[in-house]
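A quick write-up on the structure given underneath.
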Amino acid sequence: MQKNVSFETVQQNIVSCEGINTLKKGTARDMRKNLDLDESLFDWSIYYCGNGLMDVSELLIVKSDNSAALETAEKAAASRLDAQKTNFDGYGTNQIDLLGHAITKKVGPYYFYAVSEHASTWEEVFMGLVK
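Quick note: the sequence shown uses the numbering used here, first residue 509, plus one each step.
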């Protein structure tokens with residue numbers, strides 16, 4: 509059984525993670541533009557995105573009791589990964605490496621998606637909160 513974790517708890521723990529301060533806290537508009545996701549689908553969402561066109565780092569965490577909403581997030585992350593791999597194919601070796609090590613995970617009412625050299629650290633913190 510997953511814990512019911514508040515937005516505030518996840519946000520506080522994620523903000524203190526290594527590497528998160530290099531990202532920009534994404535807005536609802538960023539989430540729509542980059543992932544084609546509407547934040548109103550979820551009970552809450554956390555989104556951080558890279559600074560600049562060459563920065564593929566991203567973090568998305570959403571919570572919803574609606575499995576269709578979580579599936580939408582999962583599909584959006586998969587589409588984003590495919591698009592980013594296509595964008596950087598042939599010249600962005602560092603970006604392709606990061607994208608190749610992206611972490612995507614559905615845990616109960618939560619969905620987690622991370623692209624970063626710090627993705628596994630973020631995943632550990634997230635899993636520590638929800639398990």
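Glycine included, each C-beta is placed from N, C-alpha and C at the ideal position.
**Request:** Would you decide whether Y599 is buried or exposed? Buried here means 16 or more other CB atoms lie within 10 Å of its CB.
**Result:** Exposed.
**Asked** Helix, strand or coil for E566 per DSSP?
**Response** Three-state DSSP puts E566 in a strand.
**Counted within 10 angstroms of its Cβ, other Cβ atoms place V570 as buried (16 or more) or exposed** = Its Cβ being crowded by 16 or more others within 10 Å, V570 is buried.
**Request:** Could you give the DSSP three-state label for K541: helix, strand or coil?
**Result:** Of the three classes helix, strand and coil, the one that applies to K541 here is helix, per DSSP.
**Request:** Report buried or exposed for G534, applying the criterion of at least 16 other Cβ atoms within 10 angstroms of its Cβ.
**Result:** Buried is the call here.
**Asked** So, helix, strand or coil for F596, using DSSP?
**Response** Secondary structure at F596: helix, using DSSP grouped into helix, strand and coil.
**Prompt:** Since D544 contacts A584 with CB under 8 Å, what's their CB separation in whole angstroms?
**Reply:** Cβ-Cβ separation between D544 and A584: approximately 6 Å, consistent with a contact (criterion under 8 Å).
**Request:** Name, in chain order, the residues that DSSP records as bridge partners for A622.
**Result:** DSSP lists L567, I611 as partners of A622.
**Message:** If contacts are defined as beta-carbon pairs under 8 Å, then C525 and W630 qualify, I think. What distance do you get, rounded to the angstrom?
**Reply:** In this structure C525 touches W630 by the C-beta definition: roughly 5 Å separates them, less than 8 Å.
**Request:** Check each candidate in E547, Q519, L567 and name the one with the smallest Cα separation from L607.
**Result:** Here the closest residue by C-alpha is L567.
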